[in-house]
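Presented below is the structure to which this report refers.
Number of protein chains: 2
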Amino acid sequence: VLHTEALVKRYLLGEVEVMALRGVDFRVNRGEFVAIMGPSGSGKSTLLHLLGGLDRPSSGEVILAGERLSTLSDDALSQVRRRRIGFIFQAFNLLPTLTAGENVLLPILIDGRDAAPYQEKLTALLGMVGMAERQHHKPDQLSGGQQQRIAIARALITEPEIVLADEPTGNLDSKSGSNVLAMLRRICDQMQATIVMVTHDPRAASFADRVVFLKDGQIVDQCPNQRD
Amino acid sequence: VLHTEALVKRYLLGEVEVMALRGVDFRVNRGEFVAIMGPSGSGKSTLLHLLGGLDRPSSGEVILAGERLSTLSDDALSQVRRRRIGFIFQAFNLLPTLTAGENVLLPILIDGRDAAPYQEKLTALLGMVGMAERQHHKPDQLSGGQQQRIAIARALITEPEIVLADEPTGNLDSKSGSNVLAMLRRICDQMQATIVMVTHDPRAASFADRVVFLKDGQIVDQCPNQRD
Ligand SMILES: Nc1ncnc2c1ncn2[C@@H]1O[C@H](COP(=O)(O)OP(=O)(O)OP(=O)(O)O)[C@@H](O)[C@H]1O
Ligand SMILES: Nc1ncnc2c1ncn2[C@@H]1O[C@H](COP(=O)(O)OP(=O)(O)OP(=O)(O)O)[C@@H](O)[C@H]1O
Ligand SMILES: [Mg+2]
Ligand SMILES: [Mg+2]
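Protein chains in written order, with our numbering: chain A, 2 to 229; chain B, 2 to 229.
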């Protein structure tokens, strides 16, 4: 459902060029749960941002459900993101002026839709990540792991076909982390959602169907997980 | 060298009171490396902020080298922080308008001192965290783990007696993470620095001399690590 062809991303800093991705051919099928691991700075977040259309490649293509993202206008790309993709950012990216509940509903509000039909789903999602009683708190009144859990709920409110998760358990204790991973696994198995998760944690990677290894902007290894 | 007595921290949110710490008696001796673990929201960052004088308790005392922090003025407290404590924040807290190198030198600059004598130490520290060639880049041009490593270098530039680290390896792959932990261990062993590290990673906790477990704002368990 989502694949890349010879994906290259180059950043220019003054006269220095940073090759974040050096030609990546990545593929994930519908209903598959793939983990991406690799050293710090190897290009994982960059790959995730390109997959989600949050940034455009220097060359190469990202193809989502048969459609080349490069052919879409900024508006069309923005709409694909809001309606079909849920993104969990490495730095959470919560809006400091909104409450936790408003942050979770943000994808709906940005889409110009009414939030009322989503109240029940909001409550259910907050309950699933253990944040039900914190709905009215602002991000700066929450711990790091609590903010991360709000970011996770926000990515799932639209029941997206594709979840792109950038180190979603990095600030969570093992119990909250396992809870989140089990949740992602459930969404994948029961709703055929497609999950691409960047992680540094081998235990988190073990929840995936397959693990892809990135190093210096290239895929260097892949291995399927034995799962029953 | 650093201990607390009946430490309580209460946050007031509208009419809701959040008891972040419910009476904590914590002690760390000079030259000791202590890890603090516990569920998300259990009060770890709050405890670390109070230990570093970044916030004041609702009741109870923080005593640093025999001095009650509550007796210090804001200015005096600020000076203690700058000169004796190195703080690694859970969210890094790098200044977006400064380069990586300038961010590392910030404690020196804030102290009104000349940065020139620190250039060599800056280069050495950046080398130790693998960020030597990124000195002139801004934080938004760095990956999550690269930002974390800059935050780590910043905490160490003043060669502080006490390092307070809030989940310092949360965004690092296992190799960069082990590197940072070995660095903290070395500073502790060779320079008798005192390290208090919050972590969710049992492997990181294994580098410490002792692990303290926090739950719902209270210390519920402690255990020494078998180290040779
Ligand atoms: N400024 C604040 N206002 C209100 N409540 C706060 C504030 N800061 C923290 N809290 C609350 O205090 C409790 C402890 O927070 P703390 O950040 O210390 O947790 P933590 O153990 O570091 O969690 P994590 O592992 O998720 O980082 C949490 O319930 C949190 O929501
Ligand atoms: N806006 C930018 N400008 C310049 N360079 C950038 C920018 N964003 C990322 N980079 C560089 O691209 C490379 C890949 O970054 P990326 O964020 O994808 O790494 P990562 O694998 O997610 O690392 P981490 O595990 O530390 O989060 C890094 O060397 C980084 O410094
Ligand atoms: Mg990243
Ligand atoms: Mg914390």
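Yeah, the Cβ is synthetic: ideal placement off N, Cα and C, and Gly gets one too.
Since the structure is predicted, the reported quantities are computational estimates derived from the model, not experimental observations.
At least three beta-carbon pairs within less than 8 Å, the segment 156-174 of chain A to the segment 85-105 of chain A: They touch, by the three-pair rule.
Inter-residue spacing [alpha-carbon to alpha-carbon] between Arg150 (chain A) and Ile220 (chain A): Cα to Cα, Arg150 (chain A) sits roughly 29 Å from Ile220 (chain A).
Local Cβ density within 10 Å of Cys224 (chain B), reported as buried at 16 or more and exposed below that: It is exposed - the Cβ of Cys224 (chain B) has fewer than 16 other Cβ atoms within 10 Å.
First through last residue of the alpha helix (DSSP H) which encompasses Glu121 (chain A): Counting along the chain, the alpha helix (DSSP H) containing Glu121 (chain A) begins and ends at Gln120 to Met129.
Distance cut-off 7 Å: Leu52 (chain B) Cβ against heavy atoms of ligand 6: No copy of ligand 6 appears in this structure; the ligands present are ligand 1, ligand 2, ligand 3 and ligand 4.
Ala166 (chain A), enclosing beta strand (DSSP E) - first and last residue: Residues Ile163 to Asp167.
Interface flag, Asp141 (chain A) vs chain B, CB-CB below 8 Å: Output row for Asp141 (chain A): interface = no.
Nearest to Gly24 (chain A) (by Cα), restricted to the options A:Lys216, A:Asn226 and A:Ile163: Taking only the C-alpha atoms, the option nearest Gly24 (chain A) is A:Lys216.
Residue-level contact to chain B via CB, Tyr119 (chain A), 8 Å cutoff: So, not an interface residue.
Same chain only: Cβ atoms within 7 Å of Asp167 (chain B), ignoring 5 sequence neighbours per side: The residues are Ser46, Leu49, Ile89, Phe90, Gln91 and Val199.
Test item: CB-CB of Leu173 (chain B) and Val181 (chain B) under 8 Å: In this structure, Val181 (chain B) lies closer than 8 Å to Leu173 (chain B) by Cβ.
Residues within the segment 141-173 of chain B neighbouring chain A, beta-carbon criterion of under 9 Å: Within the segment 141-173 of chain B, the qualifying residues are Gln142, Leu143, Ser144, Gly145, Gly146, Gln147, Gln148, Gln149, Arg150, Asp167, Glu168, Thr170, Gly171, Asn172 and Leu173.
Residue span of the beta strand (DSSP E) that contains Thr170 (chain A), given as start and end: Run containing Thr170 (chain A): none; DSSP gives neither H nor E here.
Within chain A, partners of Ser46 (chain B) - CB distance below 9 Å: Going along chain A in sequence order, the residues near Ser46 (chain B) (Cβ under 9 Å) are Ser144 and Gly145.
Met20 (chain A) beta carbon less than 8 Å from that of Arg11 (chain A): Yes, the Cβ-Cβ distance between Arg11 (chain A) and Met20 (chain A) is below 8 Å.
Alpha-carbon to alpha-carbon, Ala183 (chain A) and Phe93 (chain B): When rounded, the separation of the alpha-carbon atoms in Phe93 (chain B) and Ala183 (chain A) is 28 Å.
Three-way DSSP call (helix, strand, coil) for Val81 (chain B) in this model: If DSSP states are grouped into helix, strand and coil, Val81 (chain B) belongs with the helices.
Any C-beta of chain A under 8 Å from that of Gln91 (chain B): Yes - at least one Cβ of chain A is within 8 Å of the one on Gln91 (chain B).
Heavy atom of ligand 1 within 7 Å of Thr5 (chain B) beta-carbon: At a threshold of 7 Å, Thr5 (chain B) does not count as near ligand 1, since its beta carbon sits no closer than that to any of the ligand's heavy atoms.
Per DSSP, the bridge partner or partners of Asp222 (chain B): Asp222 (chain B) is bridged by DSSP to B:Phe214.
Per DSSP, cross-strand counterpart(s) of Gly87 (chain B): Gly87 (chain B) is bridged to B:Val164.
Beta-carbon gap between Phe34 (chain B) and Phe214 (chain B) smaller than 8 Å: Judged by beta-carbon spacing, Phe214 (chain B) lies beyond the 8 Å limit of Phe34 (chain B), meaning their Cβ atoms are not closer than that value.
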